[in-house]
Amino acid sequence: MTHPTTTAAHRRILVIDDNRSIHDDFRKILAPANAVDDALEAAEAALFGAPQQAQTSKQTFTIDTASQGEEGLQMVKNAQAEGLPYAMAFVDVRMPPGWDGIETTRQIWQVCPDMQIVICTAYADCCWSEVQEQINPRDRMLILKKPFDIIEVLQLAISLTEKSRLLLESKSHLQDLEQRVKLRTQELEASKLAAHEKASLLELSRDAILVCGLDHRVTYWNKSAERLYGWTAAEAVGRLVTEIKDQSSEVFQQACEKVMQTGEWDGELHQVGKDGRKLIVEGRWTLLRDAAGQPRSILVINTDITERKKVEEQLLRGQRMESLGTLAGGIAHDLNNALTPIMMSIELLKLHEQDALRLGVLATIESSARRGADMVRQVLSFSRGVEGRRVEVQIGHLLKGIEKIANETFLKNIWVCSDISADLWIVQGDPTQIHQMLLNLCANARDAMPNGGILKLGACNHLLDEHCAAMIPGAKPGPYLLIEMEDNGTGMPPEVMDRIFEPFFTTKELGKGTGLGLSSALAIIKSHQGFIRASSELDKGSKFQVYLPAQMEEGVSLPPLVQTEMPRGNGEFVLLIDDEEAVRHITGQTLESFGYRVLPAVDGVEASTLYATHKEKIAVVLTDMMMPVMDGPATIQVLKRMNPDVRIIAASGLSVKDMVAKASNAGVTHFIPKPYTAETLLKTLDTVLHA
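Counting in the numbering used here, the sequence shown runs from 48 upward without gaps.
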């Protein structure tokens, strides 16, 4: 057994496995003498963004090992007694003759509930449903598939030890905050100070803090609670907390019983804000007592974890996609081997068959076999990527062909028109695959217009600068060919938009779609190093924008970005309103680089507050049109009531025509479509400020 060194506690890792060679494998990966140090540093840099050259010393983990679960449990107890607890443990799922990995985990969590556990399994040992039936893993457990991948082990070790460290720090800070809140509240009540003195302490917290009486009526409501739920303190105080946050009666009752019995409760709550937004909060309740020790009220501290849960859902969705790809790759070969003799046998049977009925049956079998083979190829296209030849492709010719096919084959009540630039740049790619991608998008648009409509096809050259690329995930600066397809069909709600590129997801009736069209199109676009943007409004239609890297004409090069030629500000304040953090960040940086000062706001509510406070010094407002809580048109109306002469620039990534109309109706004359370049933004600002 390797004895612990002076390494910090959050880098201590326990390996529990009855195979001692596995112990050595983990030591080689996580506590190398020198060979894997660089790989560890690279993995840490990739996970946390820390540059390798900034690290002043080699960092590895302290690895302790145990051969059985009982031994591992005792080591966990000893480590806690020493004040150097383990940050995480890799636990084998099978360790005869003693405890298995699940029982070992259950025993460890009784001693150390927050310890991060990675179950090591070959998947034949157990399944996730068995783990869930026996223990409640929540977010403290992951599964590592054998045989190990070095980078995966490093990433798990780095991320989980860091998570353990952050959890310990968070708990320490939280305990300190709760203790200070309790002490200060008791002091204020004992001295009968005014209620605003309590708020002066609690308003500093970024968490929503409220106090409820034993009758569940709110007696205190801080600023963070106002921002989270949308109810002001004046509206909330005196009301039942269940009326304000739309609590589930069952969960709420269980929490109330627990806090009255033990004095504390913590857990996740699904709530609803004043505007109907669905919220997920991490709640911590504490029972407050009076000087005589009798229960008096309940202190509630809620942390908004809605965005974190969304990220976790995206991660799980990505894992499902990866699992599907692995499955597809594993069975594709066997499926194709099974389909090949069927299709060949059909051809042989057709040569010697004269009966029309039997020939029809053979044709049906052949059609089904070919459809199965096509589905296997499509699944492989998005699971393993699309490979193909790379030649110069004239996208304009492909689009003209697509337009001709659509007009000849679509229903007569669907009109297909095009607007294709004459001097399109060249794209390096596989013309067959690009043609298939365009057909898939057209077919998708056709199905969205069951009662007829207009499908617009367009293509133009598009130069993406660094500012614009930073606003689009996966984009790089440079020349692109922009292909646009826009229909005025049924459109899609947000919950459908979130899933349109998932394989086998379809809103069509059974038998009318496989759900592979958009998945295959996305795989083709990615294989050409491009990206796609989609937007839709229910009952108004959808728009797809495909960006493919292009080659500019010979002798033409990217124009240099000369900042001195762009209009500059003179310290004017710009109120920047956008719910996308990446857009706020890069736009704010650009504006500040060119002499402006920026006041950022995440939605119309925060923007209205900022404008009311700084109205005299705000020179211009730049607002997104589509935002939660309070959207662009509503924000514009509020700002116009505060100041009819306010200068406003509207921006949106949805259909430009519709957004321009909404902006105009709200009294705005300047509009820029997303993604906008730095040049477009700065010139529009200069025009508005000096008009």
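The beta-carbon is built from N, C-alpha and C at its ideal position, and this holds for glycine as well.
Supposed close pair residue i, residue j - CB separation, criterion 8 Å
| i | j | result |
| --- | --- | --- |
| Leu191 | Ile166 | 7 Å |
| Ser154 | Gly116 | According to the sequence provided, residue 154 is Gln. The question's Ser does not apply to it. The Cβ separation is near 7 Å, so the contact holds. |
| Val693 | Leu736 | 13 Å between Cβ atoms; not a contact. |
| Ser465 | Leu446 | 6 Å |
| Ala78 | Thr107 | 5 Å |
| Leu623 | Leu669 | 5 Å |
| Glu619 | Arg644 | 7 Å |
| Ile205 | Cys259 | Not confirmed; about 41 Å, so no contact. |
| Ala302 | Trp268 | No, Ala302 and Trp268 are not in contact; Cβ-Cβ is about 18 Å, not under 8 Å. |
DSSP three-state assignment for residue i, whether helix, strand or coil
| i | result |
| --- | --- |
| Trp462 | strand |
| Cys159 | coil |
| Arg546 | coil |
| Val83 | Its pLDDT being 48, under 50, Val83 is placed unreliably by the model, and nothing is read from it. |
| Tyr133 | coil |
| Leu527 | Sequence check: residue 527 is Tyr here, not Leu. Tyr527: strand per DSSP, three-state reduction. |
| Asp65 | coil |
| Met188 | strand |
| Arg580 | strand |
| Leu657 | helix |
| Phe73 | helix |
| Gln401 | coil |
| Glu533 | strand |
| Ser206 | helix |
| Arg286 | coil |
| Ile198 | helix |
| Thr634 | helix |
| Arg212 | helix |
| Gly116 | helix |
| Gly564 | helix |
| Asp139 | strand |
| Gly499 | coil |
In DSSP terms, what residue i is bridged to
| i | result |
| --- | --- |
| Ser699 | Pro720 |
| His317 | Ile327 |
| Trp268 | Leu257 |
| Asn508 | Leu528 |
| Ala648 | Ile624 |
| Pro144 | BP columns for Pro144 are empty, so no partner. |
| Cys303 | For Cys303, which the question treats as bridged, DSSP gives no partner whatsoever. |
| Tyr594 | Leu529 and Phe578 |
| Ser589 | Asp534 and Ser583 |
| Trp332 | Trp312 and Val347 |
| Gln475 | Glu439 |
| Pro342 | Arg336 |
| Ile572 | Answer is none; Ile572 lacks a bridge partner. |
| Cys515 | Partner(s): none; Cys515 has no beta bridge. |
| Lys662 | Beta-bridge pairing links Lys662 to no other residue. |
| Thr670 | Ile624 and Ala697 |
When the options are compared against residue i, the one with the closest alpha-carbon
| i | options | result |
| --- | --- | --- |
| Lys451 | Glu531, Pro342, Cys489 and Ser468 | Cys489 |
| Glu118 | Ile571, Trp146 and Arg324 | Trp146 |
| Ile519 | Thr537, Glu439 and Val593 | Val593 |
| Asp625 | Val358, Val676 and Pro596 | Val676 |
| Asp671 | Thr333, Glu628, Tyr643 and His661 | Glu628 |
| Asp512 | Thr656, Met142 and Leu728 | Leu728 |
| Asn487 | Pro194, Glu329, Leu565 and Gly448 | Leu565 |
| Trp312 | Ile633, Glu273 and Glu304 | Glu304 |
| Gln163 | Ser655, Phe457 and Arg212 | Arg212 |
| Arg141 | Pro614, Lys270, Leu404 and Thr168 | Thr168 |
| Asn183 | Ile149, Glu199 and Asp196 | Ile149 |
| Lys590 | Thr734, Met544, Asn460 and Leu657 | Met544 |
| Val298 | Gly310, Leu316 and Gln308 | Leu316 |
| Trp278 | Ala708, Gly320 and Ala654 | Gly320 |
| Ile547 | Pro132, Ser567 and Asn535 | Ser567 |
| Gln318 | Leu221, Gln233, Asn349 and His482 | Asn349 |
| Ile393 | Glu413, Ala403, Asp402 and Gly407 | Glu413 |
| Leu275 | Ile256, Asn690 and Leu261 | Ile256 |
| His70 | Ser114, Arg417 and Asp223 | Ser114 |
| Lys229 | Ser415, Arg336, Gln401 and Glu177 | Arg336 |
| Ala738 | Ala725, Ser583 and His717 | His717 |
Check: residue i C-beta below 8 Å from any heavy atom of the ligand ADP
| i | result |
| --- | --- |
| Thr109 | With respect to the ligand ADP, the structure offers nothing, as it holds no ligand at all. |
Below 8 Å, can you find three or more Cβ-Cβ pairs linking the region 58-73 to the region 134-142? Contact between the region 58-73 and the region 134-142 is present: three or more C-beta pairs spanning the two stretches fall below 8 Å.
Can you find at least 3 beta carbon pairs, one from the region 502-515 and one from the region 531-539, that sit closer than 8 Å? Between the region 502-515 and the region 531-539, the count of C-beta pairs closer than 8 Å reaches three or more; the two stretches touch.
contact_flag[the region 472-485, the region 561-575] where n(CB pairs < 8 Å) is 3 or more: They touch, by the three-pair rule.
Flag this pair as touching only if the region 313-329 and the region 345-362 have three or more C-beta atom pairs under 8 Å; answer yes or no. A contact exists between the region 313-329 and the region 345-362.
Assess contact between the region 710-726 and the region 676-687, defined as three or more Cβ pairs (one per stretch) separated by less than 8 Å. Is contact present? In this structure the region 710-726 lies against the region 676-687, because at least three pairs of beta carbons, one per stretch, are closer than 8 Å.
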